[in-house]
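Same order as they appear, the protein sequences are chains A and B.
The opening position of the first sequence corresponds to residue 117 in our numbering, with each subsequent residue numbered one higher.
The opening position of the second sequence corresponds to residue 117 in our numbering, with each subsequent residue numbered one higher.
Single-structure report; data block below.
Number of protein chains: 2
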Amino acid sequence: MSRALERVSFLGFDVFGTVVDWRTSVARIAEPFLARYAVQVDPLQFASDWRGCYQPSMETIRSGQREYVTLDVLNLENLVTVLAAYGADPDRIPAQELDELTRAWERLDPWPDSVEGLSRLKRRFAIGALSNGHIAGMLNLARYAGLPWDVIGGAELSRSYKPQAATYQRTIAAVGRLPQETAMVAAHNDDLLAARENGMRTVFVCRPTEYGSGQTKDLAPARDWDIVVSSLTEAADALGC
Amino acid sequence: MSRALERVSFLGFDVFGTVVDWRTSVARIAEPFLARYAVQVDPLQFASDWRGCYQPSMETIRSGQREYVTLDVLNLENLVTVLAAYGADPDRIPAQELDELTRAWERLDPWPDSVEGLSRLKRRFAIGALSNGHIAGMLNLARYAGLPWDVIGGAELSRSYKPQAATYQRTIAAVGRLPQETAMVAAHNDDLLAARENGMRTVFVCRPTEYGSGQTKDLAPARDWDIVVSSLTEAADALGC
């Protein structure tokens with residue numbers, strides 16, 4: 117077993133991309149909606165485009181231009197933006213249907229190894245979501261996907277968005293650990309970089325198809341992360357769980 | 117099945133007394149400590165006396181005299197107070213031992229029906245701690261006692277203490293429900309009264325030995341609570357789980 121995580125008793129997980137496959141799930145859920153409103157776009161492209169608004173929309177909050185709002189609020193605004201970009205008129209779509217489609221982010225399928233991996237890791241470590249998702253979204257997603265979190269940490273506790281330091285620090289404090297007693301598990305190098313800057317140990321999970329077959333980012337670890345694996349079951353193996 | 121909870125999809129639980137038996141657990145854990153420092157008190161009496169400081173210590177925060185601190189901070193202060201009241205000198209006890217004993221509140225045994233009851237209720241409802249305990253304490257207690265929470269709500273989210281309205285309201289908002297879509301499950305009439313005032317449905321769980329055989333409070337429902345049961349498995353029966 118790797119000794120880098122010897123003192124660690126809490127694992128915080130990035131969720132979108134690391135634990136669940138948002139792209140194919142959003143595409144599947146959106147497909148009938150797109151057909152109903154004759155929106156001319158491939159559902160997988162639609163999922164990527166919607167997700168593409170994610171970082172810029174959080175950036176308005178990180179920069180202080182805008183007060184914190186939860187991720188469902190941003191996702192709904194971003195949905196309206198992408199629909200308009202395809203030439204659809206979001207004002208002609210009932211608000212309830214837009215809300216319903218936004219809840220696609222609470223019905224994302226886990227990667228095939230996620231539930232088993234988390235269940236095994238949970239035997240030895242306290243495990244929690246450390247995501248930019250809001251608490252209700254993480255709760256509903258966990259129930260949908262069977263993610264056995266001990267606790268839901270992340271953005272809403274600190275009213276900040278990763279990679280801001282406050283998001284990591286507030287969750288570390290909430291779970292009552294020292295930074296070095298925690299590790300961040302993520303498929304994204306920038307997330308791990310910020311986690312390490314805040315004293316956490318790091319576990320990189322390679323998810324080379326998060327963005328589909330043409331993915332160019334996060335195909336490999338960009339730093340000497342403490343653990344590098346290809347799945348959460350492999351993480352459990354590496355950590356002796 | 118009772119229809120009063122038909123629209124409810126989230127159950128918030130009081131924990132100390134309702135889900136776990138703090139009195140006999142604290143007594144058991146404290147016994148060797150009390151013997152080691154020759155503190156002349158029956159361990160069960162000690163547990164009750166320590167718990168007796170609980171409401172007054174939170175009251176300083178509810179009233180605004182003092183800024184919010186987490187329950188472990190209050191429990192440690194109260195431990196020093198009760199030890200001094202028995203004639204012990206807390207300054208002669210290593211701080212680490214006082215901290216360790218304070219963590220007794222994270223190692224409380226569930227009532228015999230709690231784990232099965234929660235597991236059954238979880239099939240139909242999202243379930244969460246809605247306690248005055250802090251997040252880390254609830255997390256560690258859940259792992260010790262096997263409490264399968266979907267989410268940890270309660271005092272720390274709002275930096276307030278039940279029965280303040282903010283504690284209920286913030287958890288209701290965090291789980292993304294309307295008040296009438298939530299229910300409070302508690303062994304304490306005053307907790308349910310405040311929950312009802314904040315729009316929650318109410319489940320009274322009779323725990324007549326929480327304070328031992330001489331208990332005088334909360335032996336029966338003081339109002340027409342929506343559901344009245346004697347255990348969490350009975351609650352699961354009543355709710356068709």
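C-beta: ideal position from N, C-alpha, C; glycine also.
Q. Is it true that the CB of ALA351(A) sits closer than 8 Å to the CB of LEU237(A)?
A. To locate residue 237(A), count along the first sequence from 1; it is residue 121. To locate residue 351(A), count along the first sequence from 1; it is residue 235. It is a contact, given that the beta carbons lie within the stated cut-off.
Q. When DSSP labels each residue in this structure, what does ARG223(B) get in the three-state scheme?
A. The residue you call residue 223(B) lines up with position 107 of the second sequence. It is coil, neither helix nor strand.
Q: Mind reading off the beta-carbon distance from VAL267(B) to THR134(B)? Whole number of angstroms is fine, and I expect it under 8 Å.
A: Counting from 1 along the second sequence, the entry for residue 267(B) is found at position 151. Counting from 1 along the second sequence, the entry for residue 134(B) is found at position 18. Rounded, the Cβ-Cβ distance is 17 Å, inconsistent with contact.
Q: Would you mind reading off the limits of the alpha helix (DSSP H) that contains ILE243(A)?
A: Counting from one through the first sequence, the residue named residue 243(A) turns up at place 127. Counting along the chain, ILE243(A) falls outside any alpha helix (DSSP H), though it belongs to the beta strand (DSSP E) covering 242-245.
Q | Neighbourhood of LEU132(B) by C-beta distance below 6 Å, restricted to the same chain and skipping five residues each side | A | Taking the first residue of the second sequence as position 1, residue 132(B) is located at position 16. For the record, residue 132(B) in the displayed sequence is Phe; it is not Leu. Correct list, in chain order: TRP138.
Q: To the nearest angstrom, report how far apart THR186(B) and ILE177(B) are at their CA atoms.
A: Counting from one through the second sequence, the residue named residue 186(B) turns up at place 70. Counting from one through the second sequence, the residue named residue 177(B) turns up at place 61. C-alpha separation (whole angstroms): 10 Å.
**Q.** Pair within 8 Å by beta-carbon distance, LEU263(B) and LEU224(B)
**A.** Numbered from 1 along the second sequence, position 147 holds the residue referred to as residue 263(B). Numbered from 1 along the second sequence, position 108 holds the residue referred to as residue 224(B). Cβ atoms of LEU263(B) and LEU224(B): not closer than 8 Å.
(Q) Do GLU222(A) and GLY269(A) have their beta-carbon atoms positioned less than 8 Å apart in this structure? (A) For this step, residue 269(A) is matched to residue 153 along the first sequence. For this step, residue 222(A) is matched to residue 106 along the first sequence. No, the Cβ-Cβ distance between GLY269(A) and GLU222(A) is not below 8 Å.
Q: Ignoring anything shorter than 4 residues or poking outside the stretch 255-324 of chain B, list the alpha helix (DSSP H) runs there in chain order.
A: Taking only runs of at least 4 residues, the alpha helix (DSSP H) segments lying wholly in the stretch 255-324 of chain B are 271-274, 281-290 and 305-313.
**Q.** Alpha-carbon to alpha-carbon, VAL136(A) and SER274(A)
**A.** Position 158 of the first sequence, counting from 1, holds the residue named residue 274(A). Position 20 of the first sequence, counting from 1, holds the residue named residue 136(A). Roughly 23 Å between the two C-alpha positions.
Q: Count the other CB atoms, across all protein chains shown, that sit within 10 Å of the CB of ASP130(B); report buried if there are 16 or more and exposed otherwise.
A: For this step, residue 130(B) is matched to residue 14 along the second sequence. Buried: at least 16 other Cβ atoms inside 10 Å.
Q) What three-state label does DSSP hand LEU190(B) in the structure shown? A) Along the second sequence, one-based indexing puts residue 190(B) at 74. Helix, per DSSP.
Q) Nearest-angstrom Cα distance between ASP158(A) and ASN191(A)? A) If you number the first sequence from 1, residue 158(A) lands on position 42. If you number the first sequence from 1, residue 191(A) lands on position 75. Computed Cα separation, rounded: 19 Å.
Q) Per DSSP, what kind of secondary structure is GLY128(B) in: helix, strand or coil? A) Within the second sequence, numbered from 1, the residue matching residue 128(B) stands at position 12. Reduced to three states, the DSSP call for GLY128(B) is strand.
(Q) Going by C-alpha to C-alpha distance, which of ASP229(A), ALA143(A) and LEU309(A) sits closest to ALA220(A)? (A) The residue you call residue 220(A) lines up with position 104 of the first sequence. The shortest C-alpha separation from ALA220(A) is found at ALA143(A).
Q: Assign THR298(B) to one of two classes, buried (16 or more other C-beta atoms within 10 Å of its C-beta) or exposed (fewer than that).
A: Along the second sequence, one-based indexing puts residue 298(B) at 182. The residue in question, THR298(B), is buried, as its Cβ has 16 or more Cβ neighbours within 10 Å.
Q. How is the beta strand (DSSP E) around ILE343(A) delimited, first residue to last?
A. Here residue 343(A) corresponds to residue number 227 of the first sequence, with the count starting at 1. Element bounds for ILE343(A): 343-345.
(Q) Pop quiz: GLU272(B) and ALA201(A) are said to be a contact at Cβ under 8 Å. What is the actual Cβ separation, rounded to whole angstroms? (A) As a position in the second sequence, residue 272(B) is number 156, starting the count at 1. As a position in the first sequence, residue 201(A) is number 85, starting the count at 1. Rounded to the nearest angstrom, the Cβ distance from GLU272(B) to ALA201(A) is 41 Å, too far for a contact under 8 Å.
Q.
I want to see whether chain A comes within less than 8 Å of LEU246(B), judged by CB atoms only; does it?
A. As a working mapping, residue 246(B) is identified with position 130 in the second sequence. No, because no Cβ of chain A sits closer than 8 Å to the Cβ of LEU246(B).
Q) Going along chain A, which residues have a C-beta under 8 Å from ILE268(B)? A) Here residue 268(B) is taken as the residue at index 152 of the second sequence, counted from 1. Within chain A, the residues near ILE268(B) are VAL267 and ILE268.
Q: Identify which residue in VAL344(A), ALA204(A) and TYR170(A) has its Cα closest to the Cα of ALA120(A).
A: Position 4 of the first sequence, counted from the start, is the residue given in the question as residue 120(A). When VAL344(A), ALA204(A) and TYR170(A) are compared, the shortest CA-CA separation from ALA120(A) is found for VAL344(A).
Q | Buried/exposed call for THR318(A), threshold 16 Cβ in 10 Å | A | Taking the first residue of the first sequence as 1, we reach residue 318(A) at position 202. With 16 or more Cβ atoms within 10 Å of its Cβ, THR318(A) is classed as buried.
Q.
Check this for me: beta carbons of ALA311(B) and MET300(B), under 8 Å apart or not?
A. The residue given as residue 311(B) occupies position 195 in the second sequence. The residue given as residue 300(B) occupies position 184 in the second sequence. Result yes, Cβ atoms of ALA311(B) and MET300(B) sit closer than 8 Å.
Q.
Given this structure, state the Cα-to-Cα distance separating GLU122(B) from GLY244(B), to the nearest angstrom.
A. Numbered from 1 along the second sequence, position 6 holds the residue referred to as residue 122(B). Numbered from 1 along the second sequence, position 128 holds the residue referred to as residue 244(B). If I take the Cα positions, the gap works out to 18 Å.
Q) With 8 Å set as the bound, which would you pick, yes or no: does the beta-carbon of LEU237(A) sit closer than that to a beta-carbon of chain B? A) As a first step, residue 237(A) must be located in the first sequence, where it is residue number 121. Chain B contact via Cβ: absent.
Q. Are any of the Cβ atoms in chain B nearer than 8 Å to that of ALA344(A)?
A. Walking along the first sequence from the start, residue 344(A) turns up at place 228. It is Val, not Ala, that sits at residue 344(A) in the sequence shown. No - not a single Cβ of chain B is within 8 Å of the one on VAL344(A).
Q. In three-state DSSP terms, what is VAL142(A)?
A. On the first sequence, position 26 is the one that residue 142(A) refers to. Reduced to three states, the DSSP call for VAL142(A) is helix.
(Q) Taking only three categories from DSSP, how would you classify VAL157(A)? (A) Counted from its first residue, the first sequence places residue 157(A) at position 41. VAL157(A): coil per DSSP, three-state reduction.
(Q) For the stretch 278-292 of chain A, list every residue whose C-beta sits within 7 Å of some C-beta in chain B, in sequence order. (A) ALA290, VAL291 and GLY292
Q. Helix, strand or coil: which one does DSSP assign to VAL198(B)?
A. Numbered from 1 along the second sequence, position 82 holds the residue referred to as residue 198(B). Reduced to three states, the DSSP call for VAL198(B) is helix.
Q. Does GLU326(B) come within less than 8 Å of chain A when only Cβ atoms are used?
A. One-based indexing of the second sequence puts residue 326(B) at position 210. Not a single CB atom of chain A sits nearer than 8 Å to the CB of GLU326(B).
Q: State yes or no: is the C-beta of LEU217(B) within less than 8 Å of the C-beta of VAL196(B)?
A: If you number the second sequence from 1, residue 217(B) lands on position 101. If you number the second sequence from 1, residue 196(B) lands on position 80. Their beta carbons are not under 8 Å apart, which means LEU217(B) does not touch VAL196(B) by this criterion.
(Q) Just checking: is the beta-carbon of ALA192(A) within a distance shorter than 8 Å of some beta-carbon in chain B? (A) Translated into positions along the first sequence, residue 192(A) becomes position 76. A quick correction: the sequence has Leu, not Ala, at residue 192(A). With 8 Å as the cut-off, LEU192(A) does not count as an interface residue toward chain B.
Q: Leaving out five residues on either side along the sequence, give the residues of the same chain with a beta carbon under 7 Å from the beta carbon of LEU127(B).
A: Within the second sequence, the letter at position 11 stands for residue 127(B). Excluding residues within five positions, the ones whose Cβ falls inside 7 Å are LEU237, PHE241, ILE243, ALA299 and VAL301.
Q: Taking ILE209(B) and TYR260(B) to be in contact with their CB atoms under 8 Å, please state how far apart those CB atoms are, rounded to whole angstroms.
A: Locating residue 209(B) in the second sequence gives position 93, counting from the first residue. Locating residue 260(B) in the second sequence gives position 144, counting from the first residue. With 8 Å as the limit, ILE209(B) and TYR260(B) do not qualify as a contact, their Cβ atoms being about 24 Å apart.
Q. Using a Cβ-Cβ cut-off of 8 Å (strictly less than) and excluding sequence neighbours within five positions of LEU257(B), which residues of its own chain qualify?
A. Here residue 257(B) is taken as the residue at index 141 of the second sequence, counted from 1. Cβ neighbours of LEU257(B) beyond the five flanking positions: VAL131, VAL136, TRP221, GLU222, ARG223, LEU224, GLY249 and LEU263.
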